[in-house]
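There are 4 protein chains.
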Amino acid sequence: MNFASDNTAGVSEPIMMALAAANQGFAPSYGADDLTAGVKRRLAEVFEREVEVYLVATGTAANALSISTFAEPWTAVLCSHNAHVLTDECGAVEMFSAGARLVGVDGDHAKIDVAALADLLDHWPSGRPHVVQPSGLSISQASEFGAVWSPDDVGALGEIARRHGLRLHMDGARFANAVAALDCAPADVTWRAGVDILSFGATKNGALGAEAIVVFAPELARTLTKRRMRAGQLISKGRFVAAQLLAYLEKDHWLDLAAHANAMAMRLGKGIAASTSARLAVPVEANEVFAWLAAVDVARLREEGAMFYEWQGAASGVDSAGVPSDARLVRFVASFATDEGQVDRLLGLLGTGKDRVAAQ
Amino acid sequence: MNFASDNTAGVSEPIMMALAAANQGFAPSYGADDLTAGVKRRLAEVFEREVEVYLVATGTAANALSISTFAEPWTAVLCSHNAHVLTDECGAVEMFSAGARLVGVDGDHAKIDVAALADLLDHWPSGRPHVVQPSGLSISQASEFGAVWSPDDVGALGEIARRHGLRLHMDGARFANAVAALDCAPADVTWRAGVDILSFGATKNGALGAEAIVVFAPELARTLTKRRMRAGQLISKGRFVAAQLLAYLEKDHWLDLAAHANAMAMRLGKGIAASTSARLAVPVEANEVFAWLAAVDVARLREEGAMFYEWQGAASGVDSAGVPSDARLVRFVASFATDEGQVDRLLGLLGTGKDRVAAQ
Amino acid sequence: MNFASDNTAGVSEPIMMALAAANQGFAPSYGADDLTAGVKRRLAEVFEREVEVYLVATGTAANALSISTFAEPWTAVLCSHNAHVLTDECGAVEMFSAGARLVGVDGDHAKIDVAALADLLDHWPSGRPHVVQPSGLSISQASEFGAVWSPDDVGALGEIARRHGLRLHMDGARFANAVAALDCAPADVTWRAGVDILSFGATKNGALGAEAIVVFAPELARTLTKRRMRAGQLISKGRFVAAQLLAYLEKDHWLDLAAHANAMAMRLGKGIAASTSARLAVPVEANEVFAWLAAVDVARLREEGAMFYEWQGAASGVDSAGVPSDARLVRFVASFATDEGQVDRLLGLLGTGKDRVAAQ
Amino acid sequence: MNFASDNTAGVSEPIMMALAAANQGFAPSYGADDLTAGVKRRLAEVFEREVEVYLVATGTAANALSISTFAEPWTAVLCSHNAHVLTDECGAVEMFSAGARLVGVDGDHAKIDVAALADLLDHWPSGRPHVVQPSGLSISQASEFGAVWSPDDVGALGEIARRHGLRLHMDGARFANAVAALDCAPADVTWRAGVDILSFGATKNGALGAEAIVVFAPELARTLTKRRMRAGQLISKGRFVAAQLLAYLEKDHWLDLAAHANAMAMRLGKGIAASTSARLAVPVEANEVFAWLAAVDVARLREEGAMFYEWQGAASGVDSAGVPSDARLVRFVASFATDEGQVDRLLGLLGTGKDRVAAQ
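These protein sequence lines map, in sequence, to chains A, B, C and D. So the first sequence is residues 10 to 369, counted in this note's numbering. So the second sequence is residues 10 to 369, counted in this note's numbering. So the third sequence is residues 10 to 369, counted in this note's numbering. So the fourth sequence is residues 10 to 369, counted in this note's numbering.
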């Protein structure tokens with residue numbers, strides 16, 4: 010019952026086989042190999058347009074490098090208060106951008122409220138040298154709380170970005186989960202909606218370690234070759250990262266993996282919604298389940314070996330009306346490796362709840 | 010005939026098998042898994058002492074993170090003019106250290122001349138706020154020109170470092186090749202000789218992508234957890250990096266791989282030394298061969314499909330007395346995947362040389 | 010009627026005379042002169058203890074250098090949402106610290122609410138490498154909204170800082186105004202209350218350009234000589250900055266200047282409080298007056314040549330209950346050069362207000 | 010006998026008077042005042058073209074900010090091995106540029122040898138992501154060893170810069186001394202010769218503290234407003250810096266001051282050249298004298314109260330043929346405040362030298 014994160018799962022069988030298959034003879038290093046060229050072509054098909062592609066080692070690097078292409082050091086990038094770049098990357102954006110600032114914006118479910126964003130931008134002090142100026146937005150697809158941005162949702166932000174001369178970055182650590190949930194063309198929820206640059210993650214969804222920066226606004230690619238090298242993110246045996254991505258993108262393998270993870274989360278979410286002892290804190294839209302649990306249930310789950318996170322810090326943007334003050338906000342993440350048995354066993358461990366969270 | 014670099018080779022069979030074996034069930038992410046703990050224990054055995062270990066994605070990251078632990082932004086780190094950190098990492102040290110300076114020091118074969126170093130340090134302007142002060146040394150083992158530092162060589166630098174209050178970093182991208190060539194205890198050429206922190210590379214010697222920072226001076230580890238995260242170098246599915254290193258270190262696999270590569274380079278070096286149309290530019294001590302070739306030979310080798318680098322830029326620190334001005338300095342690198350047939354075929358392509366480099 | 014800022018005033022007569030007096034013969038540059046040594050001695054008297062002193066050119070530099078002494082790049086510094094370092098220094102802290110983060114905390118009148126701060130710190134996520142950790146607090150004395158921190162106020166924060174292992178920085182751009190208002194020993198509101206490092210400003214209070222970093226926690230001084238030089242903040246003809254500060258500190262000249270400015274602000278504040286057409290947004294405690302004015306009054310004041318700022322952006326932390334939505338938040342700053350005539354003329358321009366802000 | 014530096018002198022009378030005159034009433038802060046606007050107009054006249062002007066507090070800041078406008082972090086800026094930016098600014102360029110690299114180039118008298126520069130650029134490794142690429146040149150006018158670049162000298166570098174797509178920065182800490190020595194139009198030795206951006210120094214030549222960045226290539230000005238603010242270099246009471254520069258530029262006051270300093274240096278240089286106990290290490294062209302002295306003379310001068318620097322570190326680029334190994338390289342700097350009596354007294358202290366430096 011490992012629901013700690015989707016990155017506690019291993020590697021999907023087709024991706025593992027692709028790694029073995031790539032281990033033939035010599036190949037140019039540093040991304041000059043044929044497989045890496047193939048990834049670029051394949052992503053162009055997936056996104057229905059020319060793209061620039063930069064493979065890197067981690068999602069944090071993909072995010073920080075992407076944002077650094079537009080965030081000059083004296084500028085601000087706006088994101089959810091709960092954005093991974095803000096809360097969980099230890100200042101990587103600040104490091105890679107040489108000091109740009111991340112500014113949290115309100116919104117439910119770790120998304121950005123359009124009205125709050127517009128208000129913030131409309132009242133941003135300008136005209137004096139003293140104030141950092143906004144240069145971009147960063148959104149997570151799916152969000153840190155597992156919410157999904159529809160094409161219209163993204164488009165609304167893209168429109169604001171365009172109006173204010175801002176760039177739009179998408180942290181797609183769980184991009185596959187979002188696309189699988191939306192059942193839309195990847196293009197519709199990215200560049201057609203105004204996204205300039207995307208962190209395209211595969212690691213959380215069955216790869217060993219493979220992340221790609223996908224650049225839709227070609228002028229943002231100018232500095233990336235140097236930035237990536239300088240950041241120690243140019244993989245020497247690049248063919249093995251490329252091989253993963255090719256297998257990942259082959260015949261919708263990526264969407265199949267994600268759809269399974271989403272279905273497991275949905276199953277878990279339904280069980281919690283039906284439970285008398287727990288309640289959902291965020292609607293389940295992708296592969297993450299955020300729920301309020303009684304402390305006694307948290308303890309019992311742990312005793313039985315379930316792995317999951319309790320949310321530390323303030324929990325803004327979740328549904329908390331009527332939740333008892335001693336309830337715990339927990340996160341369960343499903344992955345391609347989660348099965349129904351794990352989900353059902355977890356649900357079976359929830360208390361009867363007469364005096365618990367859902368009883369409110 | 011791929012002699013372009015040891016990173017054009019693939020992955021050794023035992024390491025590939027270890028990757029597959031690690032792909033079982035769930036495991037904690039971000040280095041909290043058992044395999045990662047095992048790597049730390051294994052490296053403690055290899056180095057015969059407690060060590061702190063930080064796995065990262067690339068050698069450039071290992072170097073820049075290591076150096077950043079001691080190089081405050083207003084300090085200088087001294088290294089060979091030909092050091093990889095200075096010539097081939099696109100300013101990673103400057104980025105990770107927030108602006109420390111790399112200062113090249115003279116020396117043959119991309120090593121550091123002890124007298125030149127001592128002279129530089131003895132005359133370093135001090136006592137005024139205006140001048141950056143030295144904080145450390147960085148040496149490559151083996152050097153960028155394939156030379157090996159003996160325990161005494163390292164010890165001489167360690168002694169200078171100690172006297173001047175400097176830290177000593179070793180870039181061990183080819184550490185295995187050096188240790189195999191020296192046939193010494195890894196401890197003798199590192200911490201016993203004064204090395205504080207080591208970039209322990211495995212990728213160039215048969216791993217898929219696995220580099221470790223090995224910290225001998227425990228106080229240097231204080232900031233590394235945060236530095237690594239912030240640099241986007243904390244691998245989420247860390248078990249797969251750890252699995253590589255465990256296989257690499259199992260039963261001297263790492264030294265076997267390196268010894269083979271070294272033997273192939275030696276064979277190539279002997280052939281060149283015996284040739285009438287080429288000559289060695291640096292004695293062959295590990296797995297790299299630097300040689301002067303006639304332009305016509307360079308062209309013929311390329312036509313026949315040989316892959317190798319011509320050295321760009323100034324070639325200081327190589328043996329060039331009597332070399333014709335139109336000779337080309339080329340580098341051949343052997344790896345665990347190089348075989349005698351490749352070496353001999355390359356040698357067979359060298360000209361008869363009556364009017365060529367070796368004829369001088 | 011220039012109430013735009015206290016830095017629109019010129020230089021006090023004694024300070025101007027000191028500049029002329031310092032212009033005799035040669036003097037060592039870069040702070041090795043006798044006057045600079047005298048400033049350190051004088052500040053030791055003022056603060057009743059040994060201090061380290063670093064003269065710099067601007068308040069922004071004093072703040073950013075001070076904070077950089079403790080804010081490692083992967084840490085956060087907590088301050089008011091309205092702190093000058095956060096809102097008006099264009100990312101200087103981020104630049105000087107190589108990427109540390111400023112985190113806004115709630116509080117009235119641009120101070121920090123102790124309970125909000127304690128809550129934030131108590132719930133700060135820890136134990137994982139992903140999250141930046143707090144390293145310090147920064148408070149402005151007087152605050153950006155002209156509020157003053159009493160010794161007890163500062164002490165409460167100092168206690169929290171001590172408990173959480175944080176450093177406490179005080180931005181004293183208007184330190185003189187605060188001390189004059191409090192009529193306390195400078196020591197009582199700084200190091201005795203837990204302040205580790207102080208930006209001691211003189212420019213806004215009658216100097217030409219003279220700011221000092223005063224270090225109470227000696228270990229924070231270790232890097233400042235290099236940091237200041239590297240930031241282009243080591244003044245070459247330092248005697249002329251030192252001369253200003255000596256005159257400033259001579260016979261309480263600094264407190265006299267500040268007391269006058271405070272009195273002028275108080276007179277203005279009383280007038281506004283008594284007005285039927287405007288109301289105070291923050292109690293007047295030092296030399297700044299924040300008030301709600303009707304748009305028509307703002308326009309009339311401007312027509313009559315009054316200089317002042319309208320506050321842009323969100324106005325958190327001010328008293329706004331019952332203020333009409335079209336009222337404007339404006340700031341008037343008094344300086345040593347403000348006189349009663351200017352204040353009274355401004356007050357005379359306020360409307361009768363029957364239908365205006367104060368009529369609510 | 011203070012020859013330690015030109016910044017040990019005080020402030021010229023007209024500049025001191027201008028400071029007092031500027032101290033009238035209120036003026037907008039942060040450079041929005043009329044005097045600052047006047048400086049821009051006046052510099053446009055001096056340089057016979059439109060310029061952008063940014064006043065800052067120190068020469069180090071002027072240099073680092075200027076270079077940061079073109080030196081992206083993964084690039085290199087080439088300068089003399091003895092350039093102030095490289096040897097005496099404690100890594101300010103690295104800080105302000107977020108990690109760009111300074112690369113020393115050979116040349117006599119702290120200038121850059123054109124052939125050495127061209128060779129370096131022609132052999133710069135390119136085409137791989139690993140290598141930092143040159144983005145600019147920085148030269149000092151006058152050089153760190155007091156040599157002057159003629160319009161043709163600068164033009165030769167400007168031509169190389171143009172050919173290689175590099176920017177050309179001039180560190181004009183002693184620009185006035187150079188222009189006075191050359192007796193040329195300021196335009197001829199700057200933008201007409203290819204200079205893109207100039208650090209225009211006044212402090213060393215009689216100002217209290219006034220440095221200007223003068224931008225000839227308008228596209229380089231895009232980021233300077235933000236960069237200056239963020240660096241803590243936007244002076245709040247800017248009128249007092251502007252007033253200095255207006256007085257400095259009034260009726261060639263700047264050139265008169267510099268011409269006097271140059272004449273004093275020339276007098277000193279002639280005396281040394283005629284001496285039997287010392288010899289010039291660099292021809293005297295502006296206001297600095299570099300000479301070889303016997304240790305005994307150095308000691309005697311110090312005993313008699315003469316102030317000057319002994320050069321620490323390697324002394325490349327000076328005339329040292331035949332100089333005894335125990336001779337000391339010393340620097341004497343003349344300023345507007347140096348008089349003939351000081352010079353002659355110094356010369357009178359030199360030994361008879363039978364067995365000394367000049368006796369070789």
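Yeah, the Cβ is synthetic: ideal placement off N, Cα and C, and Gly gets one too. Nothing here was measured: the structure is a model prediction, and the numbers come from that model.
Close-in-space but distant-in-sequence residues of the same chain around B/A190 (CB under 7 Å, 5 per side omitted): V157, N271, E294, A295
Step through the CB atoms of chain B and report whether any lies within less than 8 Å of the CB of C/W83. yes
Between C/M104 and chain A, is there a C-beta pair that is closer than 8 Å? yes
Residues near C/A31 in its chain [Cβ-Cβ closer than 7 Å; skip 5 each side]: L44, R248, F249, A252
List the residues of chain C whose Cβ lies closer than 8 Å to the Cβ of D/C99, in chain order. K235, M238, R239
If I measure Cβ to Cβ from C/T195 and keep anything under 6 Å in the same chain, skipping five residues before and after, which residues do I get? Note that residue 195 of chain C corresponds to Pro in the displayed sequence, not to Thr. Only V55, F56, V188 meet the Cβ criterion.
Assign C/A268 to buried or exposed, taking buried as 16 or more other Cβ atoms, counted over all protein chains shown, within 10 Å of its Cβ. buried
Name the chain C residues that come within less than 7 Å of D/L217, Cβ to Cβ? K246, F249
According to DSSP, is C/P23 helix, strand or coil? helix
Mark B/A308 as exposed unless 16 or more other C-beta atoms lie within 10 angstroms of its C-beta, in which case mark it buried. exposed
Are the segment 149-163 of chain D and the segment 113-120 of chain B in contact at 8 Å, needing three or more beta carbon pairs? no
Going by beta carbon distance, what residues of the same chain come within less than 8 Å of B/G203, once the five residues before and after it are set aside? V163, G164, L166, G167, E168, A170, R171, L177
Under a CB-based cut-off of 8 Å, is D/A256 close to chain C? no
Going along the chain, which residues of the segment 30-42 of chain B sit with their C-beta nearer than 9 Å to a C-beta in chain C? Y39, G40
Does A/D364 come within less than 8 Å of chain C when only Cβ atoms are used? Unreliable placement is indicated for A/D364, whose pLDDT of 46 sits below 50; no coordinate value is reported for it.
In its own chain, which residues sit with a C-beta less than 7 Å from the C-beta of A/R354, not counting the 5 before and 5 after it? M10
Residues of chain B with CB closer than 8 Å to the CB of C/P138, please, in chain order. Y39, T234, K235, R237, M238, L243
For B/S14 and B/S286, the rounded distance between their alpha carbons: 23 Å
Should B/L207 and B/V223 be called a contact, given that it needs their Cβ atoms to be closer than 8 Å? yes
Name the one or two DSSP bridge partners that D/A88 has. Per the sequence shown, residue 88 of chain D should be read as Cys rather than Ala. Looking at the DSSP assignment, D/C88 forms a beta bridge with D/G113, D/S147.
Leaving out the 5 sequence neighbours to the left and right, which residues in its chain are closer than 8 Å to D/V123 when beta-carbon positions are compared? A165, L166, I169
Is it the case that the Cβ atoms of C/S144 and C/A92 are separated by a distance below 8 Å? no
Quick check on the burial criterion: 16 or more other C-beta atoms within 10 angstroms. Buried or exposed for D/E349? exposed
Does the contact criterion of 3 or more C-beta pairs under 8 Å hold for the segment 97-113 of chain A versus the segment 72-82 of chain A? yes
Which value, in whole angstroms, describes the spacing of the CA atoms of B/E153 and C/D205? 47 Å
Which runs of the beta strand (DSSP E) spanning at least 3 residues fall entirely within the segment 125-205 of chain C, listed in chain order? 142-149, 176-181
Between which two residues does the alpha helix (DSSP H) containing A/E103 stretch? 101-105
Step through the CB atoms of chain A and report whether any lies within less than 8 Å of the CB of D/A107. yes
What's the call for A/K363, buried or exposed, on a 16-neighbour Cβ count within 10 Å? Here the model assigns A/K363 a pLDDT of 49, short of 50, so the residue's position is not dependable and the matter cannot be decided.
Any C-beta of chain B sitting closer than 8 Å to the C-beta of A/V224? no
Is the Cβ-Cβ distance between B/P138 and C/K279 less than 8 Å? no
Please decide whether B/H269 counts as near chain D, where near means a Cβ-Cβ distance under 8 Å. no
Contact with chain A by B/M275, beta-carbon distance below 8 Å: no
Beta-carbon contacts of B/D42 that lie in its chain and below 8 Å, excluding the five residues immediately before and after: A36, G247, R248, A251
Taking a contact to mean a Cβ-Cβ separation below 8 Å, would you say D/A9 touches D/R201 in this structure? Not covered by the structure: residue 9 of chain D. The range shown for chain D is 10 to 369.
In the segment 211-237 of chain B, which residue ranges form an unbroken beta strand (DSSP E) of at least 3 residues, counting only runs that do not cross its ends? 220-224
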